[in-house]
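Asks: Structure in structure tokens, see below.
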Amino acid sequence: LAGRRRALAWAGGAALATALLGGLATDLSPWYYALRQPPWKPPDWLFGPVWTLMYALAAAAGVLAWEACPPGLQRRRLLLAFVVNAVLNVVWSWLFFMLRRPDWARTEVLALLASVALLVVLCGRQRPLAAWLLLPYLVWVAFAGWLNQAVVHLNA
């Protein structure tokens, strides 16, 4: 029970830190509002709750996979995959909003998508439920990449 609490605390803290760093880099400035957006873009207020849900599902998947994973190299790989995913998530926000480079973010989102796919595989090997919990995240990042591509195209 203590091990599960510790895993939940670490996963929750990591998800919170990722959300906080990504949120700090998300500047809805006049530059952002001047961008042409596709008509199918969700309203801005929806992104925060959706990302919160994605981070919560990823944290839950991480805990389930961690608990099922044997100690040693497999656990270290799982942890590294989550760290890389978190970094890529934050970097996307910095590229798009702070550096104002949707074109660079469009390229980076492919790495983010690949990192989510890797998480699905790694977590699924340990606990199939963990992979299922990550599928909405995979779909959301794919959608975000499609939206990013549309923004680049509309503002070229």
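My numbering puts the first residue of the sequence shown at 602, with every later residue one more than the last.
Every residue gets a Cβ at the ideal spot worked out from N, C-alpha and C, and that includes glycine.
#1: To which residues of the same chain is Ala669 closer than 7 Å at the C-beta, ignoring the five residues directly before and after it?
#2: When the Cα of Arg607 is compared with those of Trp705, Gly649, Val664, which residue comes out closest?
#3: Terminal residues of the continuous alpha helix (DSSP H) containing Arg605?
#4: Which term fits Gly604, buried or exposed, when burial requires 16 or more other beta carbons within 10 angstroms of its beta carbon?
#5: Could you check what DSSP says for Trp667 in three-state terms: helix, strand or coil?
#6: Helix, strand or coil: how does DSSP classify Ser630 here?
#7: Round the Cβ separation of Trp741 and Val685 to the nearest angstrom and send it over; I've been treating them as touching at under 8 Å.
#8: Could you round the C-beta distance between Leu734 and Ser716 to whole angstroms and report it? I think they count as a contact, below 8 Å.
#9: What are the boundary residues of the alpha helix (DSSP H) that includes Phe683?
#10: I need the DSSP call for Asn756, collapsed to helix, strand or coil.
#11: Is there contact here, the region 670 to 680 with the region 632 to 648, by at least three beta-carbon pairs under 8 Å?
#12: Short of 8 Å in beta carbon distance, which residues of its chain neighbour Arg701, apart from the five on each side in sequence? Order them along the chain.
#13: Let's see if you can read the secondary structure: which residues bound the alpha helix (DSSP H) around Arg702?
#14: Please state the DSSP three-state secondary structure of Pro737.
#15: Given a threshold of 16 other Cβ atoms within 10 Å of its Cβ, counted over all protein chains shown, does Arg637 qualify as buried or as exposed?
Replies: Looking at the atomic coordinates:
#1: Gln727, Arg728
#2: Checked all of Trp705, Gly649, Val664; the closest Cα to Arg607 is Val664.
#3: 603 to 625
#4: exposed
#5: helix
#6: coil
#7: Their Cβ separation, rounded to whole angstroms, is 18 Å, which puts Trp741 and Val685 out of contact at 8 Å.
#8: At roughly 16 Å, the Cβ-Cβ gap does not stay under 8 Å, so Leu734 and Ser716 are not in contact.
#9: 674 to 694
#10: coil
#11: no
#12: Trp632
#13: Counting along the chain, Arg702 falls outside any alpha helix (DSSP H), and DSSP gives it neither H nor E.
#14: Residue state for Pro737 is assigned as helix, using DSSP reduced to three classes.
#15: When all chains shown are included, Arg637 counts as exposed.
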